[in-house]
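J.:
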Amino acid sequence: MGILKDPQYWGRVISRIEERRALTRGDVMPREDAVAVMQEACRAFSDLVEDPDFEADLRECVEVGRRATQGMPREGEEFERFVQRFRDVEGEVLRQSGVNEGATIHVADELSGLLGVIDDFDFDRVEGKIRLIRDVCCRYAKDPEFAQNPQPELAEDALEALKGIAIVGVDIGIMTQTGEVGDTFIGMSVGVGLNKCRALLRRMW
Numbered sequence: 020m021g022i023l024k025d026p027q028y029w030g031r032v033i034s035r036i037e038e039r040r041a042l043t044r045g046d047v048m049p050r051e052d053a054v055a056v057m058q059e060a061c062r063a064f065s066d067l068v069e070d071p072d073f074e075a076d077l078r079e080c081v082e083v084g085r086r087a088t089q090g091m092p093r094e095g096e097e098f099e100r101f102v103q104r105f106r107d108v109e110g111e112v113l114r115q116s117g118v119n120e121g122a123t124i125h126v127a128d129e130l131s132g133l134l135g136v137i138d139d140f141d142f143d144r145v146e147g148k149i150r151l152i153r154d155v156c157c158r159y160a161k162d163p164e165f166a167q168n169p170q171p172e173l174a175e176d177a178l179e180a181l182k183g184i185a186i187v188g189v190d191i192g193i194m195t196q197t198g199e200v201g202d203t204f205i206g207m208s209v210g211v212g213l214n215k216c217r218a219l220l221r222r223m224w
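The numbering used here numbers the first residue of the sequence shown as 20 and each following residue consecutively.
(1) I need the straight-line Cα distance from L213 to Q167, nearest angstrom please.
(2) Quick one: is A63 buried, meaning 16 or more other Cβ sit within 10 Å of its Cβ, or exposed?
(3) Apart from the five residues on each side of it in sequence, which residues of its chain come closer than 6 Å, Cβ to Cβ, to P171?
(4) Relative to the C-alpha of L220, which residue among A174, A160, K148, R158 is closest?
(5) Just verifying my parser: in three-state terms, what is the DSSP assignment at S208?
(6) Report the option in Q27, R222, Q58, R50 whose CA atom is closest to the CA atom of L181.
(7) For A75, count the other beta carbons within 10 Å of its own beta carbon; 16 or more makes it buried, fewer makes it exposed. Which is it?
(8) State the Cα-Cα distance for the pair P169 and R50, rounded to the nearest angstrom.
(9) How far does the alpha helix (DSSP H) with G117 in it reach, from first residue to last?
(10) On the CB-based measure, 16 or more other CB atoms within 10 Å of its CB, does R144 come out buried or exposed?
(11) Is the Cβ-Cβ distance between I186 and L23 less than 8 Å?
(12) Please state whether the Cβ-Cβ distance between R153 and V68 is less than 8 Å.
(13) Starting from F142, follow the alpha helix (DSSP H) in both directions and report where the run begins and ends.
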């Protein structure tokens with residue numbers, strides 16, 4: 020099992036970034052937080068893309084995501100039940116991976132809320148996008164000028180991208196290990212997680 024499927028690794032990442040952001044959520048990200056987030060993103064994305072199992076694990080995740088999002092309910096009572104079930108499953112998965120309770124509630128609410136507003140899921144060229152995100156995060160993490168005058172908006176986008184991939188890792192790891200839920204929940208988690216990378220990618224293109 021590679022890093023992408025290691026829920027404890029990504030659970031620790033989520034706990035660290037959520038703990039740091041919890042005190043200032045809703046405000047402009049402080050300078051020291053912006054620098055720390057970029058360093059965390061550089062470290063985690065580097066661990067991921069340098070893992071020998073990265074490409075194979077990612078292909079599997081993307082394939083599950085493609086299948087799941089094609090059959091997802093989009094409206095009505097069935098959709099509402101799906102969202103509530105997704106939130107419940109997500110919360111339990113986060114707890115099993117060691118994420119603290121405050122972060123678990125926030126992330127589960129955030130992800131389930133996204134299901135109703137995402138118009139489409141993008142599963143194209145995912146590996147290249149993740150490698151690009153790693154390169155950008157590491158460039159800023161090692162840039163003395165960014166350390167002195169960080170860009171809060173850029174750091175927020177990096178935080179969202181990191182959280183998105185961390186969610187993929189937590190969910191695919193726990194759900195695969197336990198077998199308690201089907202491909203639909205795993206796939207939706209992959210789709211929502213990858214969607215959270217979009218803002219940072221738009222800055223590069």
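We put the beta carbon where it would ideally sit given N, CA and C, even for glycine.
T.: This is what the structure holds:
(1) Distance between the alpha carbons of L213 and Q167: 30 Å.
(2) Of the other Cβ atoms in all chains shown, 16 or more fall within 10 Å of the Cβ of A63; this residue is therefore buried.
(3) Excluding sequence neighbours, P171 sits near V47, M48, A53.
(4) The shortest Cα separation from L220 among A174, A160, K148, R158 belongs to K148.
(5) Residue state, collapsed to three classes: helix.
(6) Measuring C-alpha to C-alpha distances from L181 to each of Q27, R222, Q58, R50 identifies Q58 as the nearest.
(7) Flag for A75 reads exposed.
(8) Across the structure, P169 and R50 are spaced so that their CA atoms are roughly 6 Å apart.
(9) First-last for G117: undefined, no H or E at that position.
(10) When all chains shown are included, R144 counts as exposed.
(11) L23 sits away from I186, with the two beta carbons spaced by 8 Å or more.
(12) A contact, by the Cβ cut-off of 8 Å.
(13) Taken as a continuous stretch (DSSP letters only), F142 belongs to no alpha helix (DSSP H), as it is neither H nor E.
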